[in-house]
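Line by line, the protein sequences give chains A and B.
Under my numbering, the residues of the first sequence are numbered 440 to 553, in order.
Under my numbering, the residues of the second sequence are numbered 2 to 117, in order.
Cβ atoms here follow ideal geometry from the backbone N, Cα and C, with glycine treated the same way.
Have a look at the structure below, then the notes.
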Amino acid sequence: GENVEQHPSTLSVQEGDSAVIKCTYSDSASNYFPWYKQELGKGPQLIIDIRSNVGEKKDQRIAVTLNKTAKHFSLHITETQPEDSAVYFCAARLAWGGSEKLVFGKGTKLTVNP
Amino acid sequence: DAGITQSPRYKITETGRQVTLMCHQTWSHSYMFWYRQDLGHGLRLIYYSAAADITDKGEVPDGYVVSRSKTENFPLTLESATRSQTSVYFCASRRGTSGAKTYEQYFGPGTRLTVT
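See below:
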């Protein structure tokens with residue numbers, strides 16, 4: 440089955456610096472890769488996603504890149520702010536014969552120090 | 002627009018009791034999902050439903066039962082709760098398979114369940 444590895448598990452940066460979180464997936468049939476932000480006590484919130492036919496997508500300070508050949512994708516946050524502090528999860532969607540699932544990485548706790 | 006809600010938000014129960022966690026969405030999304038979140042495991046899919054009366058197992062279905070008689074509701078039942086089911090449970094939903102943004106899943110606020 441699909442396996443998603445996420446690194447690093449914790450990341451601490453200074454306000455204004457960039458942060459990069461990387462994920463690798465195992466199943467080449469995966470076709471959709473979302474990133475979620477989870478604040479303490481809340482549900483995961485989708486912040487950006489990318490489909491397998493696109494190499495890069497950007498939305499203001501966040502961007503996601505996908506390398507299908509290497510089976511890895513990354514989240515880039517520029518000009519980080521204290522409110523970016525949260526746990527970030529990557530995921531890969533796998534679909535087969537009418538079934539589907541999102542497999543999540545184990546998360547990265549990002550701390551942005553003022 | 003209420004979106005997706007879960008109830009209760011917190012629940013403490015004893016081993017062996019039956020517990021039902023509720024999930025309700027107001028978007029008329031076709032798909033609904035149940036995940037559990039545990040330290041060191043991230044989010045794992047328990048069950049999902051593609052439409053009313055259609056359900057399928059996820060990664061960790063043992064000990065759980067789901068039903069979906071109405072599109073907007075997707076209850077999760079622990080038939081005989083065990084300590085290993087202590088977790089935070091999240092419900093999610095997404096649209097059907099046509100149109101833009103069809104793969105986006107939207108999560109509820111979660112239910113923290115403790116089994117003593």
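Contacts that Asp488/A makes with chain B (C-beta to C-beta distance below 8 Å): By Cβ distance, chain B contributes Tyr104, Glu105.
Alpha carbon to alpha carbon, what distance is there between Phe543/A and Ser467/A? Distance between the alpha carbons of Ser467/A and Phe543/A is about 16 Å.
Do the region 442 to 451 of chain A and the region 474 to 485 of chain A meet, that is, are 3 or more Cβ pairs less than 8 Å apart? No: fewer than three Cβ pairs fall under 8 Å.
Just list the residues that DSSP pairs Pro554/A with in beta bridges. In the structure as shown, chain A starts at 440 and stops at 553, and residue 554/A therefore has no counterpart that could be examined.
For Tyr49/B, I'd like the list of residues in its chain whose CB is within less than 8 Å of its CB, leaving aside the five on either flank, ordered along the chain. By the criterion of a C-beta distance shorter than 8 Å, Tyr49/B is surrounded in its chain by Tyr32, Met33, Phe34, Trp35, Thr56, Asp57, Gly59, once the five residues flanking it on both sides are discounted.
Quick check on His30/B - is its C-beta less than 9 Å from some C-beta in chain A? Not a single CB atom of chain A sits nearer than 9 Å to the CB of His30/B.
Taking the alpha-carbon positions, what's the Ser524/A to Ser94/B distance? Note on geometry: alpha-carbon atoms of Ser524/A and Ser94/B lie some 25 Å from one another.
Quick check: the Cα distance between Asn74/B and Gly97/B, rounded to an integer number of angstroms? A straight line joining the alpha-carbon of Asn74/B with that of Gly97/B spans about 16 Å.
Run of the beta strand (DSSP E) containing Ser50/B, from where it starts to where it stops: Ser50/B -> beta strand (DSSP E) spans 43 to 52.
Using a Cβ cut-off of 8 Å, pull out every chain B residue sitting near Arg532/A, in sequence order please. Result: Tyr104.
Starting from His515/A, follow its DSSP beta bridges and name the residues at the other end. Beta-bridge pairing links His515/A to Val459/A, Ala502/A.
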